[in-house]
Amino acid sequence: MADTRLAGTQVFPNFQHLPPLLSPRLASVLRWTVLVVYLALVLLLLLAPVQGLLVFWGLVVPALPALLVVAPGLWRAICPMAFANQAPSLLGFGLRRSLPAWLAACAFAIAVSLFVSAVALRPLILNDHGTAVATLLLVAPALALVGGFLFKGRSGWCGTFCPLGPLQRDYGHAPTIVVPNTQCGTCVGCQSGCYDFAPQATLFDDVLGDDPRQAGQRRFFMSMMPGLIAGYFLQIGANHGYPLWLAIFLGSILATVGLYQFAISFLGTDPARTAAVFAAAAVALFNGLAAGVVVHAVEALTGLVLPDVFEGVLAALGIIIGGTLLFQSFRLAQRYDAAAAALQPVSAAVTGLSVSIEDRGTGRIFSADIGQTLLAAMQAAGLPVVGVCRAGACGSDPVVILEGGDHLSSIGADEAATLARLAVPTAARLACQAVVSGPLVIDTDVSRHKSHAEKKRERPAEGREDLPVGVLVTRTSLDAAAGRTPLDQADLAGVGHVVIIGNGVAGSTAAEELRRISPAVRITLLSIERHAFYNRMALAPVAAGKESLERISMIDAGWAQRVGVSVRLGTRVSSIDRAGRTVTTLTGETLAYDRLVLATGARASLPMPGFLGRSNSFVLRTAHDALAISDCIRRTHARRALVLGGGVLGVETAEALARAGLSVGIIHRGRHLMERQLDSIGARLLEQYLAGLDIDIVTGASIERLIGDDRLMAVKLERPPAMNADLFVAAIGNTANTELAASCGLATERGILVNGRMRTDDPAIFAIGDCAEQGGVVSGLWSSAVTHARIAAAAIMDMDPPAVTETSKPVLQLKSAGIDLLSVGTVFPKDPEIEILRAPAFSTKWWSIALRDGAIVGANVIGPVGSLATIRRQFASGRLDPELLESLRAGRLERAAAHANTAGPSQP
Numbered sequence: 003m004a005d006t007r008l009a010g011t012q013v014f015p016n017f018q019h020l021p022p023l024l025s026p027r028l029a030s031v032l033r034w035t036v037l038v039v040y041l042a043l044v045l046l047l048l049l050a051p052v053q054g055l056l057v058f059w060g061l062v063v064p065a066l067p068a069l070l071v072v073a074p075g076l077w078r079a080i081c082p083m084a085f086a087n088q089a090p091s092l093l094g095f096g097l098r099r100s101l102p103a104w105l106a107a108c109a110f111a112i113a114v115s116l117f118v119s120a121v122a123l124r125p126l127i128l129n130d131h132g133t134a135v136a137t138l139l140l141v142a143p144a145l146a147l148v149g150g151f152l153f154k155g156r157s158g159w160c161g162t163f164c165p166l167g168p169l170q171r172d173y174g175h176a177p178t179i180v181v182p183n184t185q186c187g188t189c190v191g192c193q194s195g196c197y198d199f200a201p202q203a204t205l206f207d208d209v210l211g212d213d214p215r216q217a218g219q220r221r222f223f224m225s226m227m228p229g230l231i232a233g234y235f236l237q238i239g240a241n242h243g244y245p246l247w248l249a250i251f252l253g254s255i256l257a258t259v260g261l262y263q264f265a266i267s268f269l270g271t272d273p274a275r276t277a278a279v280f281a282a283a284a285v286a287l288f289n290g291l292a293a294g295v296v297v298h299a300v301e302a303l304t305g306l307v308l309p310d311v312f313e314g315v316l317a318a319l320g321i322i323i324g325g326t327l328l329f330q331s332f333r334l335a336q337r338y339d340a341a342a343a344a345l346q347p348v349s350a351a352v353t354g355l356s357v358s359i360e361d362r363g364t365g366r367i368f369s370a371d372i373g374q375t376l377l378a379a380m381q382a383a384g385l386p387v388v389g390v391c392r393a394g395a396c397g398s399d400p401v402v403i404l405e406g407g408d409h410l411s412s413i414g415a416d417e418a419a420t421l422a423r424l425a426v427p428t429a430a431r432l433a434c435q436a437v438v439s440g441p442l443v444i445d446t447d448v449s450r451h452k453s454h455a456e457k458k459r460e461r462p463a464e465g466r467e468d469l470p471v472g473v474l475v476t477r478t479s480l481d482a483a484a485g486r487t488p489l490d491q492a493d494l495a496g497v498g499h500v501v502i503i504g505n506g507v508a509g510s511t512a513a514e515e516l517r518r519i520s521p522a523v524r525i526t527l528l529s530i531e532r533h534a535f536y537n538r539m540a541l542a543p544v545a546a547g548k549e550s551l552e553r554i555s556m557i558d559a560g561w562a563q564r565v566g567v568s569v570r571l572g573t574r575v576s577s578i579d580r581a582g583r584t585v586t587t588l589t590g591e592t593l594a595y596d597r598l599v600l601a602t603g604a605r606a607s608l609p610m611p612g613f614l615g616r617s618n619s620f621v622l623r624t625a626h627d628a629l630a631i632s633d634c635i636r637r638t639h640a641r642r643a644l645v646l647g648g649g650v651l652g653v654e655t656a657e658a659l660a661r662a663g664l665s666v667g668i669i670h671r672g673r674h675l676m677e678r679q680l681d682s683i684g685a686r687l688l689e690q691y692l693a694g695l696d697i698d699i700v701t702g703a704s705i706e707r708l709i710g711d712d713r714l715m716a717v718k719l720e721r722p723p724a725m726n727a728d729l730f731v732a733a734i735g736n737t738a739n740t741e742l743a744a745s746c747g748l749a750t751e752r753g754i755l756v757n758g759r760m761r762t763d764d765p766a767i768f769a770i771g772d773c774a775e776q777g778g779v780v781s782g783l784w785s786s787a788v789t790h791a792r793i794a795a796a797a798i799m800d801m802d803p804p805a806v807t808e809t810s811k812p813v814l815q816l817k818s819a820g821i822d823l824l825s826v827g828t829v830f831p832k833d834p835e836i837e838i839l840r841a842p843a844f845s846t847k848w849w850s851i852a853l854r855d856g857a858i859v860g861a862n863v864i865g866p867v868g869s870l871a872t873i874r875r876q877f878a879s880g881r882l883d884p885e886l887l888e889s890l891r892a893g894r895l896e897r898a899a900a901h902a903n904t905a906g907p908s909q910p
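In the numbering used here, the protein residues as written are 3 to 910.
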């Protein structure tokens, strides 16, 4: 085997990537049929034990290993115990708890002990007592049913405690026919190393797994099987007493275990291939030795006398089946080796270096890898930093750079704009955007350092000592003080007063842009919300009680005075008089405007009417929503939450609630999560990550009705089961707030219709952000809102539109603490002239980059934290250099990132 350790699931497809061989209807028919046969066998064992034992030990048991080698997935689909284990989930009842870690650690040992005990009891009681066997056949599905009721997925029996489980992993590790799992539907991450997830990966993840204890247990079982089979069959008919029989039986097991250990320890054989040899030997040995048992059973049941050659044919068939298993195992091993060899590690000169970073704020000294973002390094060191959007737009992670600023990547346009809005010290950087290339001294306590604006206010403007401290110093004020006639862009545009309705990212950015262009124009910002501009993207942690509203505020207390904006919170505009160019508030106040900017945003869509009429059902769109959810969790001690919707907000909300300690489920109508941004492969990686947080995921499901009156108890799906919870959060999308615009006669469809300059059909009124519809698209993205605001501000002041920057492309980044997910530009372009570069199959990272003539049209990246920080900076330039492009065409995102890091920081 190659030295590079790959997970088998990175090489071989999982069940959701394989074509189904059993339709749901056929699988259901087979399960019920097998269950009926199973119960009939139990009845036969009770009523006619002699015949029952012949059928069970002489026909059923000898046939099972062959089925497990050829098509183990078929048995997993129709097994009566599996059927019983899944019944609670299918019928919509059960606790669906996660298996405790200590019990999960013991599960395989329990299953092996049960299996060996069953074989050891055969000569003592099971071979001759039909009632005992029937009792075992009834107890097993009963235990499976209890396990399915208590624990989620198949962690309560099939994948853990079932005594046939280890045997199925052993004989079924290289199936001749791969029958994908049909019992689970969508994986809920109920157990690690699940056989049903990717059967062909079992050998490598079992024997070569990262957990030495688990790998050792799997190797023990695979190596013991030839000894167990020989120790049992070669003693048939022996009369030396059970104690000696048991000693020989256990000694045979230990002998072949020792033989395996000798082979890998002293002969240096490959552990996985050697284990496959032992598995094939066990299959061949069993079928060869059991041939006589089958002949005896057939003769006893039918009264026929079979020719002697029949036993030889059965033995030869058994050897062929064993040889097939060995052949298939080595074929899979070759595929695994090839994949491992292709995963060449990036040169240590690129990623193997680390540097020292000192934080004066905490007194901590920690290390960072070259090419790592400062945010990733700080989080790894446990420093107090919050990375929300990780895109340089939200401003949640400013850090003051005291020394070594030249050891960071250069500032991009988006980061520069955000830093300007935050009014932080000139030496500050956003940790998520700063890529480390050398040692640093930083201070995470930004409040200890005065901002550039504060320093300006502490001293009079040069040459004008008569200007009072605290006045916004602008070109216009200096001209006026000097007795000169001010020349302001607002005067040239004939704009004296701009009213902005909405204080989200669109409205606040518009105010800042207008002030940047014109020091003289009056700006009034009205907002229905009672909270100053906050980071709406960070509401999920607030709802989960893990973050405060103050911590996600996007502006400080002095922002309005510093920018020169009159801000009125808690103010609802009731009407717009377009002819008179006035707006009227709910209190009756009238404000005149020269230009009006509608940044009214959007409201959360509801899964069905009446959803919000309960005490424990919420949407998550505003600060009020987040605080209400947090209060409900605290007040009711909620333990189980259900998120309705698997888009970006739904995923972020589910993760935040799970990290707050709640048991969480997601119900999504689409085929997979985030279908607007991800294809099925990318979604699969995301679902695996969420499953690791114990988040249950149900896709392709629609809500039929709500169960509960004053308090919502459960949601009934169109297909079973009903799903119960203590807390329900709808995150199924947003609806643009167009009512105010429509009431004054502006054209609206899904949003307020605007042209390329964000102007509505009234030349004096503009619409931006989530409420605006441009070219049939209502974006709903932070980056689009920023772009809208800049375009509208330029148009209001009769200026050319701003140059295209990275933010001008639609950018979506999942706000997650444990995974990176970025979507830039056109996600799934259909132009045949566009070149699509994709990640190799079954990689731990998934990415898709669309190029036209070497220029980036769109890109999606998903992978572990740190996967995309440097690559995103390359996207900002709009074009990939030849070496980077060659690495991506070869499917090497890691090498592409390494090249980007060593090539020097990209310029904004």
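Where is the CB? At the ideal position from N, CA and C, for every residue including glycine.
- In the structure shown, M725 falls within a strand segment according to DSSP collapsed to helix, strand and coil.
- Contact between G560 and R524 is ruled out by a C-beta separation of about 19 angstroms, above the 8 angstroms threshold.
- For L47, the enclosing alpha helix (DSSP H) stretches over residues P26 to L49.
- In chain order, R616, S617 and N618 place their CB closer than 8 angstroms to the CB of R713, counting only its own chain and leaving out the 5 sequence neighbours on each side.
- The alpha helix (DSSP H) runs lying completely inside the segment 747-793 and spanning 4 residues or more number zero.
- In the structure shown, G294 adopts helical secondary structure according to DSSP, grouped into three states.
- When C-alpha distances from G324 are compared across I359, F280 and L308, the shortest belongs to F280.
- Looking from the CA of G702, the closest CA among Q330, L651 and M676 belongs to M676.
- DSSP places N289 in the helix class (H, G or I) of the three-state scheme.
- Straight-line spacing of the CA atoms in C164 and L126 works out to 22 angstroms.
- Here DSSP, grouped into helix, strand and coil, assigns Q185 to coil.
- Here DSSP, grouped into helix, strand and coil, assigns W159 to coil.
- Apart from the 5 residues on each side of it in sequence, V387 sits with its Cβ closer than 8 angstroms to the Cβ of L377, M380, Q381, D399, V401, A433 and T446 in its chain, given in chain order.
- Ranking G612, V621, G407 and V717 by CA distance to the CA of Q435 puts G407 first.
- Cβ-Cβ separation between D728 and R642: approximately 5 angstroms, consistent with a contact (criterion under 8 angstroms).
- T638 sits in a helix when the DSSP states are folded into three classes.
- I530: not part of any alpha helix (DSSP H); DSSP gives it neither H nor E.
- According to the DSSP assignment, L659 belongs to the alpha helix (DSSP H) that extends over V650 to R661.
- Taken through DSSP and simplified to helix, strand or coil, H674 comes out as coil.
- Here Y244 is exposed: its Cβ has fewer than 16 other Cβ atoms, across all protein chains shown, within 10 Å.
- Beyond the five residues adjoining it in sequence on each side, L659 comes within less than 6 angstroms, by CB distance, of A546, A643 and V666 in the same chain, given in chain order.
- Residue burial annotation: Q170 is buried, with at least 16 other C-beta atoms found within 10 angstroms of its C-beta.
- Cβ contact annotation for P74 (same chain, cutoff 6 angstroms, sequence separation greater than five): Q170, G174 and P177, in chain order.
- For R605, same chain residues with a beta-carbon under 7 angstroms away, outside a window of 5 residues either side, are R623, N736, T737 and N739 in chain order.
- Per the coordinates, the alpha-carbon of A29 lies some 19 angstroms from the alpha-carbon of Y197.
- A direct Cα-Cα distance of roughly 20 angstroms separates S25 from P723.
- Cβ-Cβ separation between L680 and I864: approximately 7 angstroms, consistent with a contact (criterion under 8 angstroms).
- Per DSSP, I705 is one residue of the beta strand (DSSP E) stretching across I705 to I709.
- Under the 8 angstroms Cβ criterion, the segment 589-598 counts as touching the segment 764-774, having at least three qualifying pairs.
- When DSSP states are grouped into helix, strand and coil, P143 belongs to the helix group.
- In the DSSP assignment, D371 forms a beta bridge with S356.
- A604: not part of any alpha helix (DSSP H); member of the beta strand (DSSP E) spanning A604 to A606, first to last residue.
- One alpha carbon belongs to L236, the other to E720, and they sit about 56 angstroms apart.
- Residue pairing of E591 in beta bridges, as defined by DSSP: absent, with no partner found.
- Residue pairing for Q815: DSSP places it in a beta bridge opposite L824.
- Relative to the Cα of A265, the nearest Cα in the group V653, S254, A277 and I255 belongs to A277.
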